[in-house]
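Notes for the one structure printed next.
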Amino acid sequence: MPSVGTKAGTNAIAAPTDDKRWRVVDATMRRHGYRPAALIEALHSVQESFGCLDEPGLQYVAASLGVPLSRVFGVATFYHYFSLKPQGDHTCVVCTGTACYIKESPALLRAIEAEFGIANGETTPDGSLSLLTARCLGTCGLAPAAVLDGDVAGRLQPAELLERLHQLVGAAKEVAAR
Amino acid sequence: MTPEELSELAVAERQRLDRLAHQINVCTATACHASGSEAIKTRLTAEVRERGISGQCLIRGVGCRGLCTNGPMVSVEPQGVLYQHVTADDAPALLDSLASEPVSHIQAPTDDPFYTRQHRIVLEHAGEIDPEQITEYIAVGGYQALAKALYEMSPADVVDELTTSGLRGRGGAGFPTGLKWRTVAKALSDRKFVICNGDEGDPGAFMDRSVLESDPHRVLEGMAIAAYAVGAHEGFLYVRAEYPLAIKRLTTAIRQARQRNLLGDAILGTPFTFHVEIRLGAGAFVCGEETALIASIEGERGSPRPRPPYPAEVGLWGRPTLINNVETLANIAPIIKNGGAWFAGIGTEKSKGTKVFALTGQVKNTGLIEVPMGISLREIVFDIGGGVPEGRSFKAVQTGGPSGGCIPDELLDSSVDYESLTRLGSIMGSGGMIVMDNTSSMVEVARYFMEFSMTESCGKCIPCRVGTAEMHGILTRFCEKRATERDLALLEQLCDLTRHASLCGLGQSAPNPILSTLRYFKQEYLAALESNQPEEVGAAAEEGRS
Numbered sequence: 208m209p210s211v212g213t214k215a216g217t218n219a220i221a222a223p224t225d226d227k228r229w230r231v232v233d234a235t236m237r238r239h240g241y242r243p244a245a246l247i248e249a250l251h252s253v254q255e256s257f258g259c260l261d262e263p264g265l266q267y268v269a270a271s272l273g274v275p276l277s278r279v280f281g282v283a284t285f286y287h288y289f290s291l292k293p294q295g296d297h298t299c300v301v302c303t304g305t306a307c308y309i310k311e312s313p314a315l316l317r318a319i320e321a322e323f324g325i326a327n328g329e330t331t332p333d334g335s336l337s338l339l340t341a342r343c344l345g346t347c348g349l350a351p352a353a354v355l356d357g358d359v360a361g362r363l364q365p366a367e368l369l370e371r372l373h374q375l376v377g378a379a380k381e382v383a384a385r
Numbered sequence: 058m059t060p061e062e063l064s065e066l067a068v069a070e071r072q073r074l075d076r077l078a079h080q081i082n083v084c085t086a087t088a089c090h091a092s093g094s095e096a097i098k099t100r101l102t103a104e105v106r107e108r109g110i111s112g113q114c115l116i117r118g119v120g121c122r123g124l125c126t127n128g129p130m131v132s133v134e135p136q137g138v139l140y141q142h143v144t145a146d147d148a149p150a151l152l153d154s155l156a157s158e159p160v161s162h163i164q165a166p167t168d169d170p171f172y173t174r175q176h177r178i179v180l181e182h183a184g185e186i187d188p189e190q191i192t193e194y195i196a197v198g199g200y201q202a203l204a205k206a207l208y209e210m211s212p213a214d215v216v217d218e219l220t221t222s223g224l225r226g227r228g229g230a231g232f233p234t235g236l237k238w239r240t241v242a243k244a245l246s247d248r249k250f251v252i253c254n255g256d257e258g259d260p261g262a263f264m265d266r267s268v269l270e271s272d273p274h275r276v277l278e279g280m281a282i283a284a285y286a287v288g289a290h291e292g293f294l295y296v297r298a299e300y301p302l303a304i305k306r307l308t309t310a311i312r313q314a315r316q317r318n319l320l321g322d323a324i325l326g327t328p329f330t331f332h333v334e335i336r337l338g339a340g341a342f343v344c345g346e347e348t349a350l351i352a353s354i355e356g357e358r359g360s361p362r363p364r365p366p367y368p369a370e371v372g373l374w375g376r377p378t379l380i381n382n383v384e385t386l387a388n389i390a391p392i393i394k395n396g397g398a399w400f401a402g403i404g405t406e407k408s409k410g411t412k413v414f415a416l417t418g419q420v421k422n423t424g425l426i427e428v429p430m431g432i433s434l435r436e437i438v439f440d441i442g443g444g445v446p447e448g449r450s451f452k453a454v455q456t457g458g459p460s461g462g463c464i465p466d467e468l469l470d471s472s473v474d475y476e477s478l479t480r481l482g483s484i485m486g487s488g489g490m491i492v493m494d495n496t497s498s499m500v501e502v503a504r505y506f507m508e509f510s511m512t513e514s515c516g517k518c519i520p521c522r523v524g525t526a527e528m529h530g531i532l533t534r535f536c537e538k539r540a541t542e543r544d545l546a547l548l549e550q551l552c553d554l555t556r557h558a559s560l561c562g563l564g565q566s567a568p569n570p571i572l573s574t575l576r577y578f579k580q581e582y583l584a585a586l587e588s589n590q591p592e593e594v595g596a597a598a599e600e601g602r603s
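Residue numbers (our numbering), protein chains in the order written: chain A, 208 to 385; chain B, 58 to 603.
Okay, structure coming up:
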């Protein structure tokens, strides 16, 4: 049976910064009674709030739940969904599921690699674009598919995908220049 | 809420819907959503308001109708008109046509074999009701099975009904559900759990996502009945974090069911208590294995442990735990409502009921289908799926994802049931069905699946961790035309070893894609050997010795 833990030395552990987003993380951990079993839910909360799991975040969760940092790191690196590196301003997630594979999704990856010089899991040096892959988006009817900044795009051809990525990155640069 | 109030609400809601002249259903599941269905719904809603016909015409978002390739789909009820490839600009014409003939350029045939050859039980409400409104589920008879179980049946009666039905686990392995329930029901403990496994990990499979998005209450009702039958009061829904829409709809559904006293304390006015929480998966294929899934809910790395003891006796936090797949749980309510004998009348002798498949790959009609067990693969691929696109020829159909195998053309007349598919060297699996044409190399397909298994191996046991990596290495040599005769022999040995020595289902089934392609497409492996130049073999052997 899970022990209903209390936050070990509640007053002693302050959030790493006074960033308001930590309150969301706190709320998640509180809802689960600061039990060690809340670890994965807490990590989801940190990643959703901050975009990735950086070291202060991992340490804060470890201290709050009373879980050794080594175990927090072990869990954070075991699951594919968690990322320890910050993402670029824009993300492109290419689906590598079976249906997409059969419909040539590797060609999409090769095209991005050739055009932007980034492989799976990498970000362009200027931090504008990150390339990721998904095991399966479950939109096999639209294969080959990719997610561009959260929007699913289906039946992609390499040229079309590159054009859309340039639009995405280019538009951001124009806004920044203004 | 009492059972009487539930029935009254159902009648009132049905009457309200019957008073409407038209119900326009817009598919808002993931695939149609990606094709812009939200804009269509918004436009239709605005148009209806402008025309002042809100009272007679209901616009609602519904779940998946199945034919994702032709999305976004819109249907007009009760006229039974179906539209495909709809855009927001079609909205005015669509509304204009309500009184007359349907808009011809977007009208979809409803007598297509894609629809007529299906038998929908799990998906009966998908595309028919708004998954975000509990009243719509109640209107179609929702939660009546739970009321029947609580008021007219003992927990043992429920288990007996399940045993009579012959339902088997839809997650892939096909374990008899009644037997599983009986084991948990018999286990002595003051605390038991019910877990719904929604960690749909097979690439190319999206049945569970679609069920959760289209009819979440159906799964909750199944869980509540399961909890009553086995004596559990707490449940967890373990869902992939990659399915945000499913998570959103489940969260809404749980809240609505709690408000109406269909989950929580004193359900339907009885002493029965059942609380459900959602737990997010974090992207680990191995978590589909039940002991790994339990570890993940406990906040640990998803590593499996040896069985026995089985989770039915020692599960979550050491307590007896029932774990069923989403589709299995979605079958419970109709079985309780219509009786186990009704369900047992569908399908084959040993495989009862229907199975949902995600039909994808090189086939005309890609999407989600539900077919009775015992249908032939040929009927699925060529009648329902419409065959491979023009100018290509069928080569193989892959079932069971990374744990399954490829079935060639000459065996397409085999029946779809647990035993037949296993005999063919594949498995039923969770329901991914991928059609491949003459352009696909079977050796490369085997390597693709092995790469997946290698990456997803949790690393706990050596046969799986090293075996999958070695097999992947050998397959890569085949793909790069560097393989030797010795590689072929070694590959067969490794398949045997990994299959028999691995700790959990991931490693035990990982060799299946190789074994099945070796069985039916060995000539492709041999062709790769032949194209290997003898000098290179010599050089490679030389390298190996030094």
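In this text, a Cβ means the ideal position worked out from N, Cα and C, and glycines have one as well.
- Collapsing the DSSP output to three states places Gly264 of chain A in a helix.
- At a cut-off of 9 Å between beta-carbon atoms, Lys310 of chain A makes contact with chain B.
- A check of alpha carbon separations from Asp333 of chain A across A:Gly377, A:Ser290, A:Ala244 identifies A:Gly377 as the nearest.
- Here DSSP, grouped into helix, strand and coil, assigns Ala221 of chain A to coil.
- For Val251 of chain B, the closest C-alpha among the options B:Leu294, B:Glu299, B:Pro363, B:Phe232 is that of B:Leu294.
- Contact check for Leu320 of chain B against Val276 of chain B fails: the beta carbons are separated by 9 Å or more.
- Residue contact with chain B for Asp358 of chain A: present (Cβ-Cβ distance below 9 Å to some residue of chain B).
- Ranked by Cα distance from Ile304 of chain B, the first of B:Lys452, B:Pro366, B:Glu334 is B:Glu334.
- By the 16-neighbour rule on beta-carbons within 10 angstroms, Pro459 of chain B is buried.
- Bounds of the alpha helix (DSSP H) holding Cys89 of chain B are 87-91.
- For a Cβ distance threshold of 9 Å, nothing in chain A lies close to Pro465 of chain B: the least Cβ distance comes to about 16 Å.
- Straight-line measurement puts the Cα of Arg278 of chain A at about 33 Å from the Cα of Arg227 of chain B.
- Within the DSSP secondary-structure output, Gly418 of chain B pairs in a beta bridge with B:Val492.
- Taking C-beta atoms as the reference points, Thr192 of chain B and Glu70 of chain B count as a pair closer than 9 Å.
- Under the Cβ criterion of 9 Å, Ile441 of chain B is not counted among the residues facing chain A.
- Three or more Cβ pairs closer than 8 Å define a contact, and the stretch 277-294 of chain B falls short of that threshold against the stretch 406-415 of chain B.
- Taking 9 Å as the cut-off, the Cβ atoms of Ala91 of chain B and Thr346 of chain A count as close.
- Comparing C-alpha distances from Gly338 of chain B to each of B:Arg297, B:Glu436, B:Asp474, B:Phe451 shows the shortest one belongs to B:Arg297.
- Excluding five sequence positions before and after Arg248 of chain B, the CB atoms of its chain that fall closer than 7 Å to its own CB belong to Arg376, given in chain order.
- Shown here for Ser222 of chain B: same chain residues with a beta carbon closer than 6 Å to its own, the five before and five after excluded, namely Ile392, Gly397, Phe400, Ala401 in chain order.
- According to the DSSP assignment, Ser132 of chain B belongs to the beta strand (DSSP E) that extends over 131-134.
- With respect to the 9 Å criterion, Met528 of chain B and Ile571 of chain B are classified as neighbours on the basis of their beta carbons.
- Going by DSSP, Pro170 of chain B is part of the alpha helix (DSSP H) stretching over 170-173.
- Per the Cβ contact rule, the stretch 425-442 of chain B is in contact with the stretch 174-192 of chain B (3 or more Cβ pairs under 8 Å).
- Residues of chain B with a Cβ closer than 7 Å to the Cβ of Cys259 of chain A do not exist; the shortest Cβ-Cβ separation is about 14 Å.
- Rounded to whole angstroms, the separation of the alpha carbons of Ala262 of chain B and Ala314 of chain A is 22 Å.
- In the three-state reduction of the DSSP assignment, Pro465 of chain B falls in the strand class, which pools E and B.
- Listed in chain order, the positions of the stretch 231-247 of chain A with a beta carbon within less than 7 Å of a beta carbon of chain B are Pro243, Ala244, Ala245, Leu246, Ile247.
- Assigned with DSSP and collapsed to three states, Glu181 of chain B falls in coil, not helix or strand.
- Membership of Gly424 of chain B in any alpha helix (DSSP H) is not indicated; the residue belongs instead to the beta strand (DSSP E) covering 424-429.
- Residue burial annotation: Thr555 of chain B is buried, with at least 16 other C-beta atoms found within 10 angstroms of its C-beta.
- Cβ-Cβ distances below 8 Å link Leu180 of chain B to Cys121, Gly123, Ser267, Val268, Ser271, Asp272, Val413, Leu425, Glu427 in the same chain, with the five nearest sequence neighbours on each side left out; the list follows chain order.
- In this structure, the alpha-carbon of Gly93 of chain B lies about 45 Å from that of Leu560 of chain B.
- Taken in chain order, the members of the stretch 419-441 of chain B whose beta-carbon sits within less than 7 Å of a beta-carbon on chain A are Gln419, Thr423, Gly424.
- Under the DSSP assignment, His79 of chain B falls in the beta strand (DSSP E) whose first and last residues are 79-84.
- Along the stretch 263-289 of chain A, going in chain order, the ones with a CB nearer than 7 Å to a CB of chain B are Gly281, Val282, Phe285, Tyr286, His287, Tyr288, Phe289.
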